[in-house]
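Enquirer:
Residue numbers (my numbering): 271 to 740.
Given below as structure tokens:
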């Protein structure tokens, strides 16, 4: 807890360097007095910050980030004409982040262009099996504080992700927009590299060589060999958006609704995983009291429309605008806060987020405008398209490929019939703290707890990220 408190203090006291390049063209018309006294920003502004964050699933993050904005003449402030984002960081749970993102509303006239280049290595990526509660989570097996601890990596695998994405949208009229995108997702998945993780560690802190849940799923035939180690998927995306929000960040009123389809192709042995996925998201922002209190909610779904989707694509939440580094499926800091990341893996799901956004205070530091807000929230999600797990076939696979396993212990790993509770909703609630600069740069601190302890062994998760979740 002391580390978390120190981290928050460091994050809030971080000093950014800002440069404002004003337009000095003498032929330009003088600005009106009202505009000179307003809060509108113009020109270029940039900040260089330590990339400090915390995610209960990934640990403490340390590194460096830089964000450059061009507000131009301020005519569309708090929106910007260009944004360039750079970040390189690592976490104490061996998750990496190397990213460049570009967002422009001016490079192509009357269109918005977004480019993302990311490499995201993760030496201890969560793997809790399929269908949520159907796969039993035994918290003691992964807790080094428990006498029944098997390995703190029991519910882990190794996953590296390389992402190249380019998206563009244009106006249809009356707040309607078309969207198109192209990209590549490369997933490299394997068992946890215990040799690398155990390097320079004391013997009592080393990971043992055991079969975790990922290895069990491989041996038991639940994971197809063609998906078990990842794959490369070029994709095409297209859709439509309705957006009448007053602003993109720190939204006070309006609606943002998206419907789009993503065709994921596959190479070589993975070609059976050509698929079509559908995403729908509806976000509504209702002003309750001026710009001080806003009621906000989001409902969303991701479904497999055609073909087969490998499990790692089912854990990847498709998004038209990649604002945060990674959007995971159900669970974690981007869909249902408080749940463990990847707690629910299925072919299709839906979720909802409801929160009140309170603006507590405003203040200026130099030319920069800040505000602090509090957000109580409620999140929920449920499976719509589960995996079909055949109990008899799994038992046969265990007998053939894992003969040392005590079959009488299978219900400590998987449940069948009514005990599986596949369609039972997963719910959580919590409180968020927001610190925003210039209505764009947001430090987000969220604490959340699930309603069911099967969704989180520690019964609470803590996240520090950039930007609002929606």
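Cβ atoms here follow ideal geometry from the backbone N, Cα and C, with glycine treated the same way.
Going by alpha carbons, who is nearest to residue 648 out of 413, 718, 735?
Expert: For this step, residue 648 is matched to residue 378 along the chain shown. Measuring from the Cα of residue 648, the nearest candidate turns out to be 718.
Enquirer: Whether or not the stretch 587-601 and the stretch 666-678 are in contact is what I'm after, with contact meaning three or more pairs of Cβ atoms, one per stretch, closer than 8 Å; do they touch?
Expert: No, the stretch 666-678 is not in contact with the stretch 587-601.
Enquirer: Using only alpha-carbon positions, find the residue among 738, 336, 347, 363 that is nearest to residue 553.
Expert: The residue labelled residue 553 in the question sits at position 283 within the chain shown. Here the closest residue by C-alpha is 738.
Enquirer: Measure from the alpha carbon of residue 603 to the alpha carbon of each residue in 695, 497, 730, then state which is nearest.
Expert: Taking the chain shown and counting its residues from 1, the one referred to as residue 603 is at position 333. Nearest of 695, 497, 730 to residue 603, Cα basis: 730.
Enquirer: Could you name the residues of the same chain whose beta carbon sits closer than 7 Å to that of residue 629, not counting the 5 residues immediately before and after it, in chain order?
Expert: Counted from its first residue, the chain shown places residue 629 at position 359. Once the five neighbours on either side are set aside, the close Cβ partners of residue 629 are 561, 562, 641, 643.
Enquirer: Within 10 angstroms of its Cβ, does residue 395 collect 16 or more other Cβ (buried), or is it exposed?
Expert: The residue given as residue 395 occupies position 125 in the chain shown. Looking at its Cβ environment, which holds 16 or more other Cβ atoms inside 10 Å, residue 395 is buried.
Enquirer: Could I get the ranges of all uninterrupted alpha helix (DSSP H) runs contained in the stretch 506-585, with 4 residues as the minimum, in chain order?
Expert: Counting whole runs of 4 or more residues, the stretch 506-585 contains the alpha helix (DSSP H) stretches 581-584.
Enquirer: Would the beta-carbon of residue 317 fall within 7 Å of that of residue 358?
Expert: In the chain shown, counting from the first residue as 1, residue 317 sits at position 47. In the chain shown, counting from the first residue as 1, residue 358 sits at position 88. Not a contact, by the Cβ cut-off of 7 Å.
Enquirer: Along the alpha helix (DSSP H) that carries residue 698, what are the first and last residues, could you check?
Expert: Sequence index remark: in the chain shown, residue 698 carries index 428 (1-based). Segment 696-707 is the beta strand (DSSP E) holding residue 698; no alpha helix (DSSP H) there.
Enquirer: How long is the line joining the alpha carbons of residue 368 and residue 677, rounded to whole angstroms?
Expert: Here residue 368 refers to the residue found at position 98 of the chain shown. Here residue 677 refers to the residue found at position 407 of the chain shown. Using only the alpha carbons, I get a separation of about 43 Å.
Enquirer: Helix, strand or coil: which one does DSSP assign to residue 449?
Expert: Mapped onto the chain shown, residue 449 falls at position 179. Three-state result, residue 449: strand.
Enquirer: Which partner residues does residue 389 have in the DSSP bridge list?
Expert: Position 119 of the chain shown, counted from the start, is the residue given in the question as residue 389. For residue 389, which the question treats as bridged, DSSP gives the partners 368, 432.
Enquirer: Please go through the same chain and pick out, in chain order, the residues whose beta-carbon is closer than 7 Å to the beta-carbon of residue 487, but skip the five residues on each side of it.
Expert: Taking the first residue of the chain shown as position 1, residue 487 is located at position 217. Cβ neighbours of residue 487 beyond the five flanking positions: 399, 493.
Enquirer: Out of 524, 724, 574, 709, which has the shortest C-alpha to C-alpha gap to residue 550?
Expert: The sequence position of residue 550 within the chain shown is 280, counting from 1. Selected option, being the one with the closest Cα: 574.
Enquirer: Looking at the unbroken alpha helix (DSSP H) that takes in residue 363, where does it start and where does it end?
Expert: For the purposes of this step, residue 363 is taken as residue 93 along the chain shown, with counting starting at 1. No alpha helix (DSSP H) contains residue 363, which DSSP labels as neither H nor E.
Enquirer: Does DSSP classify residue 733 as helix, strand or coil?
Expert: By 1-based counting over the chain shown, the position of residue 733 is 463. It is a strand residue.
Enquirer: Quick check: the Cα distance between residue 682 and residue 704, rounded to an integer number of angstroms?
Expert: Sequence index remark: in the chain shown, residue 682 carries index 412 (1-based). Sequence index remark: in the chain shown, residue 704 carries index 434 (1-based). Each residue's Cα considered, the two are about 40 Å apart.
Enquirer: In this structure, does DSSP put residue 464 in helix, strand or coil?
Expert: Mapped onto the chain shown, residue 464 falls at position 194. Helix.
Enquirer: Among the candidates 608, 410, 709, whose CA atom is the shortest distance from the CA of residue 721?
Expert: As a working note, residue 721 is residue 451 in the chain shown. Of 608, 410, 709, the residue nearest in Cα terms is 608.
Enquirer: By Cβ distance, which residues of its chain are closer than 6 Å to residue 504, with the 5 residues on each side in sequence left out?
Expert: Reading the chain shown from its first residue, position 234 is the one you call residue 504. If we look at residue 504 and ignore the five residues flanking it on each side, its Cβ neighbours are 454, 535.
Enquirer: Pick helix, strand or coil for residue 496, following the three-state DSSP scheme.
Expert: Taking the first residue of the chain shown as 1, we reach residue 496 at position 226. Three-state result, residue 496: helix.
Enquirer: According to DSSP, is residue 305 helix, strand or coil?
Expert: Within the chain shown, numbered from 1, the residue matching residue 305 stands at position 35. Because residue 305 sits at a pLDDT of 41, beneath the cut-off of 50, its placement in the model cannot be relied upon, and the following sentence gives the value as read from the coordinates. If DSSP states are grouped into helix, strand and coil, residue 305 belongs with the helices.
Enquirer: For a test of the three-state rule: what should DSSP assign to residue 680, helix, strand or coil?
Expert: Locating residue 680 in the chain shown gives position 410, where the first residue counts as 1. It is helical.
Enquirer: Please classify residue 606: is it buried, with 16 or more other beta-carbons within 10 angstroms of its beta-carbon, or exposed?
Expert: Position 336 of the chain shown, counted from the start, is the residue given in the question as residue 606. Classification of residue 606: buried, given that the 10 Å Cβ count is 16 or more.
Enquirer: Count the other CB atoms within 10 Å of the CB of residue 478; is the residue buried (16 or more) or exposed (fewer)?
Expert: Position 208 of the chain shown, counted from the first residue, corresponds to residue 478. Residue 478 should be labelled exposed.
Enquirer: Please identify the residue among 590, 425, 366, 615 whose C-alpha is closest to the C-alpha of residue 390.
Expert: For this step, residue 390 is matched to residue 120 along the chain shown. Closest option to residue 390, Cα to Cα, is 366.
Enquirer: Suppose you measure from the CA of residue 579 to the CA of residue 655; what does that come to, to the nearest Å?
Expert: Taking the chain shown and counting its residues from 1, one reaches residue 579 at position 309. Taking the chain shown and counting its residues from 1, one reaches residue 655 at position 385. Distance between the alpha carbons of residue 579 and residue 655 is about 12 Å.
Enquirer: Do residue 612 and residue 651 have their C-beta atoms closer together than 7 Å?
Expert: Taking the first residue of the chain shown as position 1, residue 612 is located at position 342. Taking the first residue of the chain shown as position 1, residue 651 is located at position 381. Contact: no.
Enquirer: Tell me, please, which residues DSSP counts as bridged to residue 642.
Expert: The residue given as residue 642 occupies position 372 in the chain shown. Beta-bridge pairing links residue 642 to 631, 705.
Enquirer: Since residue 590 and residue 528 should fall inside the 8 Å C-beta cutoff, what is the C-beta to C-beta distance between them, to a whole number of angstroms?
Expert: Taking the first residue of the chain shown as position 1, residue 590 is located at position 320. Taking the first residue of the chain shown as position 1, residue 528 is located at position 258. The Cβ separation is near 6 Å, so the contact holds.
Enquirer: Looking at the unbroken alpha helix (DSSP H) that takes in residue 670, where does it start and where does it end?
Expert: Here residue 670 refers to the residue found at position 400 when the chain shown is read from its first residue. Looking at the DSSP string, the run of the alpha helix (DSSP H) that includes residue 670 is 661-671.
Enquirer: Select from 314, 637, 426 the residue whose C-alpha is nearest the C-alpha of residue 364.
Expert: Position 94 of the chain shown, counted from the start, is the residue given in the question as residue 364. Ranking 314, 637, 426 by Cα distance to residue 364 puts 426 first.
Enquirer: Specify the secondary structure class of residue 458 as computed by DSSP and reduced to three states.
Expert: By 1-based counting over the chain shown, the position of residue 458 is 188. If DSSP states are grouped into helix, strand and coil, residue 458 belongs with the strands.
Enquirer: Does the Cβ-Cβ distance between residue 588 and residue 521 come in under 7 Å?
Expert: Taking the chain shown and counting its residues from 1, one reaches residue 588 at position 318. Taking the chain shown and counting its residues from 1, one reaches residue 521 at position 251. No; because the gap between Cβ atoms is not below 7 Å, this pair is not in contact.
Enquirer: Closest to residue 353 by C-alpha separation, out of 322, 315, 585, would be which residue?
Expert: Within the chain shown, numbered from 1, the residue matching residue 353 stands at position 83. Answer by Cα proximity: 315.
Enquirer: Is residue 403 near residue 691, with beta carbons less than 7 Å apart?
Expert: Sequence index remark: in the chain shown, residue 403 carries index 133 (1-based). Sequence index remark: in the chain shown, residue 691 carries index 421 (1-based). Cβ atoms of residue 403 and residue 691: closer than 7 Å.
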